[in-house]
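Notes follow the structure.
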Amino acid sequence: MYLKSLELQGFKSFPDKIKLTFDKGLTAVVGPNGSGKSNIGDSVRWVLGEQSTKTLRGNKMEDVIFSGTVARKPVGFAMVTLNIDNSDRELNSDDDEVSVTRKLYRSGESEYKINGKNVRLKDINELFMDTGLGRDGYSIIGQGRIAEIVSAKSNERRDIFEEAAGISKFRYKKVEAERKLAAAQDNLLRLNDIVAELEGRVVPLKIQSEKAKKFVVLAQQKKTLEISVWVNRLEELISKLDELENALLINKTEYENIQNDIEREELKIQDGYRKIQESTVNIEDLREKILQTEQFSSEYKSDIAVCENDIAHSEGSLASVREQQKNQSAYKEKISKQIEEKITQIEEIKKQSESIETQLEQVKKSFEEAQREADSIGKSSDMTGNEINNLYIKLSEFRSEIGNSDSSAQDADEQLEMLQNQRKQLSELAEQYGKEKDEISDGIRVLKEKSEELRNKFVGLTKLYNDKQKKLSDYKKESENILFDIRSKEQRKKLLIDLENNMEGFAKSVREIIKASSGGRISGIRGTVAQLINVKQEYATAIETALGGAMQNIIVEDDTAAKRCIRMLKEQRMGRATFLPMTSVRGNVLNEQRLYSENGFVSMANELVEFDEQYRGIVNSLLGRTAVADDIDSAAMIAKKFGYKFRIVTLDGQVVNAGGSFTGGSAVHSAGVFSRKNELESIEKDIESLNVKRSEAELKTQRLADETAKLARQSEEIKEELAVLTQDKIRFDSELARVCALEKQTVSQAEDFENRFNSLQEKKKNALENAKNAQEKFEEIRNRIRIAEENLVKEQGRKESVRNRRESLSAEMSELKIKSAELAKDYESSQRELETLKSGMTDTAENLGRLSEEEKSLEQTIKEKKELIEERKQQLENVKTTIETCNTDIKKWQNIHREQDMYVTNLRNGMKALNDAKEKYSGEISKIDERKISAQRDYDSIINQLYEVYEMTRSEAENAAEKINDRMAAQKELNEIKMKIRALGNVNVGAIEEYKEVSERFKFLSEQLTDVRTSKRDLEKLIEDLTGDMCRIFAESFVIINNNFKSIFTELFGGGKAELVLTDPENVLESGIEIRVAPPGKVIKNLISLSGGEQSFVAICIYFAILKLKPAPFCILDEIDAALDEVNVKKYAQYLKKFTDKTQFVLVTHRRSAMEEANVLYGVTMQEDGISKLLKMEQVDIENTAQ
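Sequential numbering of the sequence shown, starting at 225, is according to our numbering.
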């Protein structure tokens, strides 16, 4: 197996597609720093599954995609393909050539492929396991990995040794086996619990199953016999109902004729009562009017007396008001003169005060100027004297400071020169460790961010998955519930259609006529009243009650068709029916508009039904004189108010008949025909709505199932990525701890030197500045002393002159202030007196206005009272005339009342015979109705039992029934079967199927339990064998690697000693690995004591020892010679040639000695900023270049 080629496109600095081909031997990739040569090694790491962005020298995975330059746009993806020759079948693949591809899009989506087929990252890791290749193998070694071998903790060096020993695959198998063993143990516990639980259920279920089978046989016998008995009873009830319907029709016709006669007589009586009531009301109204009129007469007389008294009182008050007006006017004139005098006095005071204030302001201004000038001269003199004393003191201080600063600067110079060299050495070392720590910290940060991002994403996906699973379950339940509702409603719809088709609730005669019409045996039939009108559900009971038996009346085209139908019924002895010819039936409508304003009135019955316009006459004849009310109380109130002239039905089916009789209670209506039609329409709408909901629910369920499956796949991918990131973080944490320890030591020393250096530097700078400043200030102070002494003499003369002028101004200012205070006091006193006078003037004006208003009010009151007296006298005359007229009208209405009372009495005596006949037919109708209700109740009960017990319609029951000759014998047999069923007790019919399922499951799980136990023993044996093989193989390989390391170290170092030691020889699979070396002529306590170059060379020796044991098919060595000097680079490159017969090497280097050993050179250049280009040179070209 060897590496044939490497293809890159869009990876880091290679935006265009390039291909590197490799031959056996040594290939070197060279180029200046920053040209992108290390990107070749990064691309191989990346395609083999590297997930660490720090290892790939980036902050996030997207950084591997070419990000563009000033002249070139970014690309959308990065892709790397590794082509490997597999003709020796070293890789687990049957192909001669294996192509591994990794592709990353800028959106974050990634792809892994093997030979063009999409695979998982896990598949790529398994492909290269134990080959030395792969992400954790030793086929790709960079400077960092070389340093890891030496600087890592002893137990963290195991990975590379395990890969070399070839036990990585064994460890992977062991981990997988342990995981399967844990799963098997869980399954074993679960299966034990389930099998134990099932074992306890099998025997009881068997007994229940046998009992249930007996019950099923008896139940079927009971069903057949019970249906047959019920059908036999239904036939008997149908015949009985037809006979009762015919008898009821005859009696109702006679009853209605008598009722019409009674209604006519009742109308006459009501008219008489109305006239009697009218005369009584008019008499009472007239008497009440006389009483009111007499009361008005008394009130008028009282009003006259009150008005005369009010006039006398108002005239006295008017004289008093006019006297007060005269006094207030005289007082107002006196105050007005006093106000004018006081205003003149105040103006004079203001003028004097303003003059004095002007003089005072001028004097005060002159005084303040003199004061300011004196203060200024005093302060200036004091300051000048103090300044001269202070300047002499400072002059002495600066002379001393100049000498001290020169001495300090000279001492600091000497110490700074010594510390400069030490600080430079430590700074370089700290910078190196700081860079390493920053790189590792960046890697850890990126890993943490990536891990946190993935964990958050995983938690989010898990929550979303659980939510969607719950929703999916809810949608499925919703769909099942909807389906159950649809089936229930379809069953009910089927029953209602069957009842409608069979005309359940109609008399036999009606059914036969409609059937004959449908069969074409008779013409001119339009249908029953119930079939041809429609009613809303809330009015169905009221309309059924209003129509009564008329619902079964048959509407025909003309009287000829009616006669044909009657002949047919008579000839075939099928009973009686009522026919309504469209040509002769013309109903009238009650015309009482006042009804619509009554409380509790709903509408006229003919207005609450829907029908074809051609049937209006028939509908009006049946319902046009029937009103509908909310309840019996409203109906009774309306009937009484309108004299019981028409029939009123309530929404719940109670009736107030014309004439005053009431019919009500609980009754069975004619098969609920309207309710049945309305229910059928409602069910059809419900089924349509439920089907729409079901389709929506199924669509949502399927969409949610797809989303849930997608979320499960995404969660699994994230778990794999998290496992890889966890391993990378462990490796980074170890490296960070090592670098932090070294950095801490270096930084501590550097800080100490830095502090000392800065302190000395600051000391020198301050000394020089102090000396310079002190000299400048010394000269400055000498000049200031001379000037200050001259100014002091001038200021003493000015000070005496200003003092004399200030004393003169102070005396003048005091005299003016005294005069101003006296005038202010006079002004305030005059002002207060003026305000008092103005207030008195205002009060006087208000009093005059108030008195004027009182005068007008009293004059108006006197006038109004005189007018009212005249008006009341005229009203007394009118009252007398009204009383006389009322007495005449009372006598007239008393005569009318006597005449109507005699007329009504005679009519009521004549109604006794009609009421007796009515009561006779009413009693007969009630008896027939009760028998019909009883028969109908039995019929409905059987129909309901058929549906509730067996979900069957009557027609389905008739088809399933067997003929019964003796119903009593059949009932006896049915009772015996029921007793046998009761004797069985509680029966679990589901136990038959449940026993079958449980017994089969018990058998299946028992077999599974045996298989799991066997599998557990096999896995335990496998783990034991794998552990033994791993111990043996690792121990043998470690001895060989150790021997190889000793010999290679001695050869490359030119002597010395080296050894690899297990820290825990008793536990080779967990033991750490220590490296002990001693270069020639040195005693080394630990590896950190070695120089950087020596550490790298030790790591290279270990790497060569591993390659000697198990050569990798190809290796990418990325600048691992960077820390070596030229002599050691030469040794390293020449020793590397020894392995080229079994291993391909690709060296990323810039060392001349390494280039000279290469068979092929790839030069990487960056002719255009940010874009790398390749140049290939064969061995001949290399030799020519070297010459």
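Glycine included, each C-beta is placed from N, C-alpha and C at the ideal position.
Please state whether DSSP places residue i in a helix, a strand or coil.
i     : result
Y1359 : helix
D952  : helix
G282  : coil
F394  : helix
T245  : strand
F886  : strand
N342  : strand
I1297 : strand
A785  : helix
A1347 : coil
F730  : coil
F290  : coil
D930  : helix
D662  : helix
P1337 : coil
T1238 : helix
Y1171 : helix
K1281 : strand
Q1160 : helix
Kindly identify the DSSP beta-bridge partner or partners of residue i.
i     : result
M828  : A851
R326  : V304 and Y336
Y1386 : V253 and K1400
S541  : S541 is not bridged to any residue.
T874  : A853
F835  : I757
Residue i: buried (16+ other C-beta within 10 angstroms of its C-beta) or exposed?
i     : result
G255  : buried
Q586  : exposed
D952  : buried
V253  : buried
S894  : Because the pLDDT at S894 is just 42, under 50, the model does not fix this residue reliably, and the point stays unresolved.
L1170 : buried
R1375 : buried
L472  : buried
E1172 : exposed
V1412 : Nothing can be reported for residue 1412, as the shown portion of the chain is limited to 225 through 1411.
I551  : It should be noted that the sequence gives Asn, not Ile, for residue 551. Exposed: under 16 other Cβ atoms inside 10 Å.
E335  : exposed
Q1098 : exposed
L328  : buried
G234  : buried
K589  : exposed
G889  : exposed
S276  : buried
L515  : exposed
N979  : exposed
Contact defined as beta carbons within less than 8 Å: I believe residue i pairs with residue j. What is the distance between those atoms, to the nearest angstrom?
i     : j     : result
K243  : N263  : Wrong, their Cβ atoms sit about 15 Å apart, outside the cutoff.
R849  : L804  : That pair is no contact at about 16 Å.
L946  : L685  : With 8 Å as the limit, L946 and L685 do not qualify as a contact, their Cβ atoms being about 12 Å apart.
D1345 : I365  : So it is not a contact: roughly 11 Å between Cβ atoms.
D309  : K228  : 5 Å
R1237 : L422  : No, R1237 and L422 are not in contact; Cβ-Cβ is about 17 Å, not under 8 Å.
I559  : G1064 : 5 Å
Any heavy atom of the ligand PLP closer than 7 Å to the Cβ of residue i?
i     : result
G1296 : Judged by which ligands are present, the structure shown has none, so any question about the ligand PLP falls away.
Does any residue of chain D have a CB that is nearer than 8 Å to the CB of residue i?
i    : result
D709 : No chain D is present in this structure, which holds just one protein chain.
**At least 3 beta-carbon pairs within less than 8 Å: the region 527–535 vs the region 1083–1096** = yes
**Sufficient close CB pairs (3 or more, under 8 Å) joining the region 1240–1257 to the region 441–457** = no
**Prompt:** Taking one C-beta from the region 1125–1133 and one from the region 509–524 each time, how about it: are there three or more such pairs within less than 8 Å?
**Reply:** no
**Prompt:** Does the region 429–445 come close enough to the region 1151–1165 to have 3 or more Cβ pairs within less than 8 Å?
**Reply:** no
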